[in-house]
Structure formats: C-alpha cells, structure tokens
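Read top to bottom, the protein sequences are chains A, B and C.
Heads up, the first sequence is in the working numbering, so the first residue is 18 and it goes up one at a time.
Heads up, the second sequence is in the working numbering, so the first residue is 18 and it goes up one at a time.
Heads up, the third sequence is in the working numbering, so the first residue is 18 and it goes up one at a time.
Beta carbons: idealized from backbone N, C-alpha and C, even for Gly.
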Amino acid sequence: MTTDSSVLSTMPTAKRVALLNRDDRLFHVILAQQVQRETIDHLCKLAEMIRTVAETRQGVHFLRTLLSHKRAMLYFIQPSTRTFLSFASACQILGMPYDEVRNPSVSSEIKGETEDDTIRVLSQYFDLIIMRHPVEGFAETMAHELDALHLSIPIVNGGSGKDQHPTQALLDIYTLLRSFAEDSGPKGIPSFAHDRMAGKTIAFVGDLKRGRTVRSLVYLLGRYPGVRLRFVSPPELGLEHDIISYMKRNEMEYETASDLGEIIGDCDAVYMTRLQDEYDIKGESKSIDYDRFRLSADMAPQFKPNLAILHPLPRRNELDRALDTDPRARYWDQVKNGMWMRAAIIAYIFNADAAILDHFQSHYTY
Amino acid sequence: MTTDSSVLSTMPTAKRVALLNRDDRLFHVILAQQVQRETIDHLCKLAEMIRTVAETRQGVHFLRTLLSHKRAMLYFIQPSTRTFLSFASACQILGMPYDEVRNPSVSSEIKGETEDDTIRVLSQYFDLIIMRHPVEGFAETMAHELDALHLSIPIVNGGSGKDQHPTQALLDIYTLLRSFAEDSGPKGIPSFAHDRMAGKTIAFVGDLKRGRTVRSLVYLLGRYPGVRLRFVSPPELGLEHDIISYMKRNEMEYETASDLGEIIGDCDAVYMTRLQDEYDIKGESKSIDYDRFRLSADMAPQFKPNLAILHPLPRRNELDRALDTDPRARYWDQVKNGMWMRAAIIAYIFNADAAILDHFQSHYTY
Amino acid sequence: MTTDSSVLSTMPTAKRVALLNRDDRLFHVILAQQVQRETIDHLCKLAEMIRTVAETRQGVHFLRTLLSHKRAMLYFIQPSTRTFLSFASACQILGMPYDEVRNPSVSSEIKGETEDDTIRVLSQYFDLIIMRHPVEGFAETMAHELDALHLSIPIVNGGSGKDQHPTQALLDIYTLLRSFAEDSGPKGIPSFAHDRMAGKTIAFVGDLKRGRTVRSLVYLLGRYPGVRLRFVSPPELGLEHDIISYMKRNEMEYETASDLGEIIGDCDAVYMTRLQDEYDIKGESKSIDYDRFRLSADMAPQFKPNLAILHPLPRRNELDRALDTDPRARYWDQVKNGMWMRAAIIAYIFNADAAILDHFQSHYTY
C-alpha cells in the first residue's frame, strides 16, 4: 500500500466525504466539503460555549475532565508555530495528554522507515492524530489505510499542502460570525443560530492560488446563501479552477477585481493573505508586485465602520502594522478563536459535545 | 569520575546485576540479565491487567492517579520515534508528567557541559530517567555515578548502543506469550502463569550481531526451559560470542541456519530484523545480499497456521508489506504491547503494582 | 512598533520597575531591580514551604491543583537544558500545562514572521510566557508591547543576553540563605525571616563581565546590608560599570582581587562561573589564562569548614570535579533549589501564595 493520491483525484467528492464520515458525523476531519451547515452552526455554538465556560476556574476544571481519558498525537511535518500551538492548547483545555512528531531528524525516519508505517505505529499509541503535512492528500490517504487495516482512529487535517486547511476555515467562519453579530441583533450564543452572512461582502486578497485557507473557506461559505465574495489577486495567483467550478455549481455570487482600493469601501470583511512562496518551483513569485495586494492604514477612511480585518497569519508586509490598534483588526481575536474552535472540533469528534451543552445550560441562561 | 565502561566489561554479571537491583526488585532497569523468570511473569500479568483496566473510562482515570506524584525524564540521544512515544504514552497512561532531552543542538551541551553533569542535573529535577544512548554501558555507568553521589533515581535503559534493549525484550516475550496462548488452554491473565514457551520454535532472522533487541531477548528466553531457537543471518552478522556462551552455559537448545525457507515451516514464531547499518564503520553492509533474509508473502503456504510474525520495527524491505493483512502478522500488536509493558515496568519500579492488582481483583473475575 | 531597547536604556530604572509591577507586586518578572527585600524573603519562604509540602504524596497532589487552571509558554530561543527543565518542572509541580517554542527551524519564523507577532500570538493562547532570549531587553520590550495592545500576560525573564537572569539570582540567594542557616540559629522556614547575610563574605570568580547571573545576583545582594563581596576575574572580564555604580550608590562593601588563592580562606561562599565565550566577537577569550580562576581541590585545606561552593552550571574546568563529593559543594542543591524557587515565583505571580501558606500552616508546625 503506498501513498497514492491519484486515486483520490478521480474519486467523486461525495464518495470521499462518505468515506470520511460515520453515522452522519465527522469522523476524520480532512475536507471542508465534509462539513454541512448545521455542523458549522453546531461547532460555532460549541466554541462559544467552551470560551464562556473557560472564564471561571470551575469551568476550566470541568473542561479538563472532558477528554482526560483520550490522548492525541500532533504529527506536524510542515513548520508551524501557530497552528501547532493552537491544537496543543485545545488539547490542554480538554485535559487530553498529547505528544508530537515534528522534526524528522530526531525520529526513526533516518532508519529508513516509510511514513505509512510511522502513522500505523502512532495509531497504536494514540486515540487521535492531528496532522499537518506538505503533501496534498496524505492525511486522507492515511485515513483510508488505517481503516483498511482495522487500525482506525480519527485523523484531523491541520493543513495539507496547498490543498486544504478545514479547521482554519471553521475558525474563520466563527470569527466572521462573531464580527457580524456585533452590528446588530442578538449577541452571544443565540447569534450563531441566525444567518449573519447573507448580504455581506467579503474580499479575499493576495495569493489565492496557493492559499489553502482561502480554498477551504470558500467551500464553507458555499453553505451560506446570499454571501458576496470578491477576489483580488495577481493574475498568476488567482483561484484554481476547481474552486471556481464549485462556486458556479453552488450559484455563489462572486467577482474578481484587480484593485483592492476600488472595492474595499464595499466590504464588510477583508481576508488578507501572504505570498505563499514556499511553494515556488523556481522563484516565480519574485517578479510579482505584491504591494498592490497590501492593506494599508491609508485606506482606513474608506473602510466601513464595522469592517472586519482578518488574516490567517503569519503576515509579512501585506497587512500594515499601523492597523494593529484599529478596533476593526480582528486577527488577534482570530488567533484566539482558533483555539476555541479546535477545542470544539476535538470535543465533537469524541462526542463530548453533549456534556458541554449540558454543563452550559445548567450554569448559564441561554 | 568519567564515563568508563571498561570497568563494567571486567565485572562479573552477577555483580553488575546486584548493583542494579534493590531488595530483590529491579531498581535500575539496564540489563536483561537482571530480570528473573518470576519478574517476567509478574510484568506480563501486570501489562495485561493495565490493558484490561484501560478499556473503561473509569479504569483510565484510575491508572492516571497511580504515578501522578512522580515525574519522568526521557533522555533520548539516539534518534527514535517508536520507543520514545511508547515510553511517553506509558507515562501518560500512569498520569506521570514528563519532559524530554532529545536534540543536543537546543541544549546546554554546546556550552561545553559533560554528559555526566547533565545527568546529575536531571536527577535533581525528576524521579526517573528513561535513557536511549548510542554508547554501550552509558546508562549503567550513570546509574553507578548517581548512586556514588547519593543522587540515585531509577534509570531505565531504552536502548544502549548495539548492546541491550531490555524493555523491548520484555514486550517481545509478552507478545510471544499472548500469541502462543491463542493456540489452546487458558486465555487472558491466567495464561501468563502457564509456560507457553516450552516446545516452541522461534527463529531470529537478519542482523543478529548488531541487533540489541535480539541480544536482550535471548537473555530473557534463557529463563524458559524447552524453547528452541533458530538463528538465520549473513555469516558476517551472526550472534556475538557472549550470547552464544550464554546459551551454552544455560543449556539452551539452538541451531544456526543459512536459509530461512528451509526452516520457516517448523517455526511457531519468526522474529525479523533490519540491517543495522547505522553501526557500519565503513559501509561494510553494502556488500551483503540481505534479500536472503527477507520474509516474503510467497512463503506463506509453508507457514504454520498459528505462526507469530514479529518485527521490532522500523522495517525496510526484509518484511513483505503484503503480509500486513495476514492475521499472523503480530507486529502492530507488538507496538501496542510495548506501551502496556512499559507502563507495567514503570508502575513496578515505583511499587504501584500492588494497587493495580487490587484494582483488577475488585473489578474483574480473575 | 519595533523591538527597540534604546528606549529602555535611557529610561530611569525606577520608571522601568514601575511599568513592570502592578499594585506593588511583581507582574512581569524581568529585572532583579524589581525585587524588594520583603519579596525576596517571601519567595524564599514560599520555596521552602513548597519543597516541604512536596515530600508527601498528598502534598504533591495539593500543589498540582494550584495552577491547573492556567497554562504556560516556555519561549526559549537560546540553547538551554537546565533552566528550561527547571521551569518545566516548576510548571509540572504546580499542575500547570505548558508547551514550548525552542527550535526556530520547526516554527513559523521561516515564513517570515517577526518575533513581535509571534509573541502576540502566544499571548492569545497562554496565561504566562517564560522567555529566554539572546537579545538584551527583548523580554522587557515585549512586555511593554503586549501592555500597549491590551494583550497583557505576565512575562518571566529566564535569561536575557548578557544582561539579567533574575530567577537564577533568586535561587542563588535562596541557596546562600539555606547554606548559612546551617551554621547556627533557627532552621527551616523561620530562618528565612532572619538576616543570615550580614557579615558574610562572598567571592565571585571568573567572567563577571558577561555572566548575567552575577549581575542579577549583585542587584539582589544590594538588599542585604553588611554583606561583603569579593570579585576575582581576568582584567578584561571585570564587572561592568553599571554594576559598580549600583554598588557604590547602595554603599555595598566590595573589593576586587586578582588571586583566588589569597582570598578563599576568608570566604563564606564562593560563586564560580564559566567563561562566557559564546558572546565573544572574535575569539578574544582564547588569549585569557582562565586556569587562574579555577577552584581546585588542592585549595580545600584553606576553605572555611562551612564554605558554600556555588556554580550556576554548566561548568567546564573552572570547578574541580574532585570537589563533587565534598559536603561544601552546594551546586547540586542549587539546581534543586532552582526548581522550588521557580515554582514559588510562578505561584506568586498568580496569587497562589496565600493558598500555599494556608496549606502549610494547617499541616505543619511553623
């Protein structure tokens, strides 16, 4: 059995989704396409409850009992601080011990082991594998291999090559919903039951071709009728055809633009991204004038009063540091939201969501 | 005081064993020769109990209280994923916090500290050191040094150069006993009180000269009268003389063979090993035709119906991947058994075995 | 906002201290100058109580509940084993989950993120950052940046370039007080309420220019009237002017000497240090005859019977290994004292000191 993602590329998405879910719930969390609207709503509500419960010491202790009987492996082969520590924090919040494989130079790989065998071994030690990997489809292929050998444990995709980053997309949705809820209407938990996306204009700016967070997020936004998307990128770094096809099939309203300044005044949210030049094959990014895809504090007079500025981080120059103290900057919140959302996802995978809902309802007015 | 294993090489084994034990129990776990038959039986029973108890959430929580008052250091200077995470998981199962030293580039060694001083410092922070080291005798020498400075804490050998790997040998015995118990007779806990080894034929295949797991396992099999050993290896990579002398002194029944195909049909277990070419001095392994020491799925028609196929992993080509789905493949179980056995060993070191037996007897029919 | 320590260098110390404290308590722990005498006394007493409580299993469990609702980040960019694991152990003792950033090659830095952004992200995940960094003033600058962005969490300085190492200085004071208490008078907890420093002679030997532990320790000794300091170093590696000015302003009694042999007989404590050649710019240390700044076992006949020999470790040749078994060697104790003192500091930061005092008074005669 080898790591062969060619099988995946010819398999219909519905089939892939069916293989990753169990009993209508997410088992492996690999593709944004697996996540139905009601699951998004549920996870956002759960994340908000966890955050609220964690405000008291007693609540923190409650959360730490939820998964203290499970253990997780963080298999992060691509460099990462932010996502790694976000998942690690989520595990700590849920009381779940974890360990990591990050630096192949201290591991058995130098003895010539295949990565397939490594993943099988990990499946014997841990109850969950959270995986970041440079190879598209690797996490999904491993999920299928473990299933075939009856060694199944859930695998969560923490970023797969240029392809997908579904937990980032979920935390982005959560951040957008929290931002839009501040406009008007019910606050807190109840607001996640309302559709705050309809009629909102969201711009995506930068390297849209190789930004896996944008790809996953567009899939999820396809679950929100009435949302309006704007894409601003260098011509070489536009959205891939599969995403465009997806938007067309789902009758999503979208436009492309070449100048951020022309559209920023219409936006309710702007999602900035950095140049993903680690995927360059021969330095092709160097000739791109990325300054045109920069959000500058000079543009602030054009911003809507409630504009939400997002960035998955790390940033370089495309997001002006002068905006850091602007209340419309939501990227630090976004970081924190990621921790709560990932705690929600992991709790959900192990069916601990019911206990969270019970605890919340018996301690808070809902 | 320097790290000088020459003292060890001239000391009689009985003396070495006496220095490592305390009150007839293992204190430091360094040499397979320390482990008497009754201790093997006890540890196997303990491992089986821990595994059984861990099946319920309540049981997991019980186990996590056992060593929550102790803390461990995993000092792994040789590259390792499998053994490291096996011990790490064992610590997590017993609720024992741990930390690690693995990558000398992030440690104080670059400031010119000797490793002796590092180990002494670690003895001040932690209650247990689990140590994998490329230098034969290093763990044992350190045990003596800490004793001399009245800084004693238990040291567990997680693999010492080409020399020994006693916890791997214990998990291998545990795996063999579980496999053989499936043949007939009592199952589960009681089966570990019976001698399932007598009359069994076990073949060891590959690099027997530098495979520390084989060396330690032969020492332990010396505790089982009536077991029959077969050794199949390239002439350059045969067993070392000390092991052969040990087998003769203990009147063990063994034979060497040059062709795996000729003997495989008689085997109840086959223990495959990879070429340990990290110990090559000048690439001498390259001229060896290791394909003759490969277990191929083509040989399956010759296998006994209950053959147990073991491999300490990582594997390369010597173990055919087509055997992975054969029910006689026991190497994934072996991985899991290692985690339970290491939990048993650590619990035993800290005298937590009595609590496990009590818990088991009050919750399960025995 | 950039990392600019030039602002700090022109700011009066009193102002810097005021910015780091809150309500007359340490909030960020960055500079030794922040620590008043009564805080030193309090922390030493707390360290001694934690050590005592930790002797029983019940006590260990009590300690592990103290900060189980908080989580810590160990951001250690300079190589370190000892200090890292001392803080890690302190976190484990207090039941506080932690994770680490140590090796920039596995982190987001290679994607071009500034360290400022990294620290901001960490402030979103964790309740405390313990930081070791090669750049002087980095920890303090970050403390101010987080304060400015309303992302404040406490930052503890675990060593900042050649500048300061306040937690080491606190553990050194604690070690000195414990050693001097053995002379006469009350033992244990009560002894920390007495001034054991007055009239004692303490020699500092070696690279005093670049040894941050010495710098921080002199600041703290400024809180003890009547202590007598001796400084023995190569002329090129003498104390910096700021420390000399500090001693003069505080009317501390000190002398410099060029020969350790001439003064060792008068000393109650000797604090040895290694050559800090990692800070060499072009190998200037190579021409220094450091053998003259070595404590040799040959000098032992001159030692006072209760001399306390300290060394922050790692050592090289400047501290004779033949002294390791001399009861006056306090450097292994010093290591252990560090763990207890850091637990005390962290407990104090989160106001868990009251709970420790209560527990101690209800379980021990005081």
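- The beta carbon of Tyr271/A sits closer than 8 Å to those of Arg245, Leu246, Arg247, Phe248, Met264, all from its chain and outside the five residues before and after it, given in chain order.
- Look at the beta carbons and you see the segment 88-99 of chain C touching the segment 138-153 of chain C: at least three pairs across the two are nearer than 8 Å.
- The continuous stretches of beta strand (DSSP E) do not include His258/C, which lies in the alpha helix (DSSP H) extending over residues 258-266.
- Taking a beta-carbon distance threshold of 8 Å, Asn120/C counts as an interface residue toward chain B.
- Its Cα nearest to that of Asp276/A, the residue Leu312/A stands out among Gln293/A, Thr27/A, Pro331/A, Leu312/A.
- Sixteen is the threshold: since fewer than 16 other Cβ atoms of the shown chains lie within 10 Å of the Cβ of His78/A, the residue is exposed.
- Within the same chain, and ignoring the five residues on either side of Gly243/B in sequence, the residues whose Cβ sits closer than 6 Å to its Cβ are Ala215, Gly216.
- Residue pairing by DSSP places Thr192/C in no beta bridge whatsoever.
- The beta carbons of Pro183/C and Val52/C sit about 7 Å from each other, so the pair counts as a contact at 8 Å.
- Judged by DSSP in its simplified three-state form, His328/C adopts coil rather than helix or strand.
- Per DSSP, the unbroken alpha helix (DSSP H) holding Phe104/A starts and ends at 99-110.
- Nearest to Pro331/A by C-alpha distance, out of Tyr365/A, Tyr288/A, Asp306/A, Ile298/A, is Tyr288/A.
- In the displayed model, Gln181/A falls within a strand according to three-state DSSP.
- A straight-line Cα-Cα distance of about 17 Å links Ser304/C and Leu225/C.
- Interface annotation, Leu324/B: not in contact with chain C, CB-CB separation never under 8 Å.
- Within chain A, the C-beta atoms nearer than 7 Å to that of Val138/C come from Arg99, Leu330, Val352, in chain order.
- Between Val152/B and chain A, the shortest Cβ-Cβ separation is not below 8 Å.
- Taking 3 residues as the shortest admissible run, the segment 301-365 of chain B contains the following complete beta strand (DSSP E) segments, listed from N- to C-terminal end: 325-327.
- By the criterion of a C-beta distance shorter than 7 Å, Asp116/A is surrounded in its chain by Met90, once the five residues flanking it on both sides are discounted.
- Listed by position along chain C, the residues whose Cβ is nearer than 8 Å to that of Arg74/A are His86.
- In the DSSP assignment, Arg54/B falls within the alpha helix (DSSP H) that extends over 54-70.
- When Cβ-Cβ separations below 8 Å define contact, Asp341/C makes contact with chain B.
- Ala339/A places its beta carbon less than 8 Å from that of Ala314/A.
- Under the three-state reduction of DSSP, Thr30/A is assigned to helix.
- Across the set Val118/A, Leu374/A, Val24/A, Ser23/A, the C-alpha of Leu374/A shows the shortest separation from the C-alpha of Ile206/A.
- Interface annotation, Leu168/C: in contact with chain A, CB-CB separation under 8 Å.
- With contacts defined as CB atoms closer than 8 Å, His45/C and Ala160/C qualify as a contacting pair.
- The alpha-carbon of Leu111/B is positioned some 7 Å away from that of Ser85/B.
- DSSP places Ala156/B in the uninterrupted alpha helix (DSSP H) bounded by 155-165.
- Looking at the backbone, the Cα of Pro96/B and that of Thr131/A are separated by about 15 Å.
- In this model, Asp164/A and Arg227/C are separated by some 58 Å (Cα to Cα).
- Listed in chain order, the non-local C-beta contacts of Asp189/A below 6 Å within the same chain comprise Leu234, local neighbours out to five positions each way being set aside.
- DSSP lists Met90/A as the bridge partner or partners of Asp116/A.
- Across the structure, Glu257/C and Phe101/A are spaced so that their CA atoms are roughly 42 Å apart.
- Pairing Leu336/B with Arg345/B, the inter-Cα distance amounts to about 13 Å.
- Its chain contains no residue whose beta carbon lies nearer than 6 Å to that of Asp297/C once the 5 sequence neighbours on both sides are disregarded.
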